[in-house]
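Okay, so here's the structure we're looking at.
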Amino acid sequence: MCSSDLESVAETLGLAAQCMETLERAFGGRTLVAGRGARGQFDGGAELHLRLYARADPADIARVLDELGMDEPTFETIETIHGRANRVRTAIEGTVVTVLRCMPEWWEDRTRDIVTGRPTAVRTLEELRRDG
Numbered sequence: 221m222c223s224s225d226l227e228s229v230a231e232t233l234g235l236a237a238q239c240m241e242t243l244e245r246a247f248g249g250r251t252l253v254a255g256r257g258a259r260g261q262f263d264g265g266a267e268l269h270l271r272l273y274a275r276a277d278p279a280d281i282a283r284v285l286d287e288l289g290m291d292e293p294t295f296e297t298i299e300t301i302h303g304r305a306n307r308v309r310t311a312i313e314g315t316v317v318t319v320l321r322c323m324p325e326w327w328e329d330r331t332r333d334i335v336t337g338r339p340t341a342v343r344t345l346e347e348l349r350r351d352g
């Protein structure tokens, strides 16, 4: 990876940390970044898959993301290994940000893909801060 790629990954993970910290503060829950983004792997346009473990209304999640300067969100309901879950999808400066609202009791399964149940990479806010 060249230095500009490393800077881009660092900026994207910095955005993830900013979103995660804001969501945790707003809803008193826990967050993580999942999948390729957790490994710092981004192809072309970056996409962050965040999970918010809190009993938060999707409209309130969208409001918090809007306050961060993100684009108008879209809302989806997906089937997960735990049942249905709401997802808020938005973007900022070319980076797509998807926040999946998970119930707090789902935290035990955090290292599993929320749809397939297979193991997946995840990083908490504390891990992002520690690893730089």
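Residue numbers for the sequence shown follow this note's numbering, so the first one is 221 and each next one is one higher.
Where a beta carbon is used, it is the ideal one built from N, C-alpha and C, also for glycine.
Computed from a prediction, not measured in an experiment: that's the story for all the values here.
DSSP, read as helix, strand or coil, puts residue 338 in coil.
Per DSSP, residue 266 lies in no beta strand (DSSP E) and is assigned neither H nor E. Rounded to whole angstroms, the gap between the alpha carbons of residue 331 and residue 337 is 9 angstroms.
Pairwise C-beta distances place the region 300-314 out of contact with the region 246-259, as fewer than three of them are shorter than 8 angstroms. Each of 339, 318 and 300 was checked against the Cα of residue 286, and the nearest Cα belongs to 318. Comparing C-alpha distances from residue 293 to each of 327, 316, 300 and 299 shows the shortest one belongs to 316. Taking every protein chain shown into account, the CB of residue 334 has 16 or more other CB atoms within 10 angstroms, so this residue is buried. Around the CB of residue 247, 16 or more other CB atoms lie within 10 Å, so the residue is classed as buried. Taking C-beta atoms as the reference points, residue 272 and residue 242 fail to come closer than 7 angstroms.
Excluding sequence positions up to five before and after residue 268, its CB lies within less than 8 angstroms of the CB of 232, 235, 236, 239, 253, 257, 315, 316, 317 and 318, all in the same chain and listed in chain order. For residue 299, the enclosing beta strand (DSSP E) has its first and last residue at 294-300. In the three-state DSSP reduction, residue 303 falls in the strand class (E or B). DSSP places residue 321 in the uninterrupted beta strand (DSSP E) bounded by 315-322.
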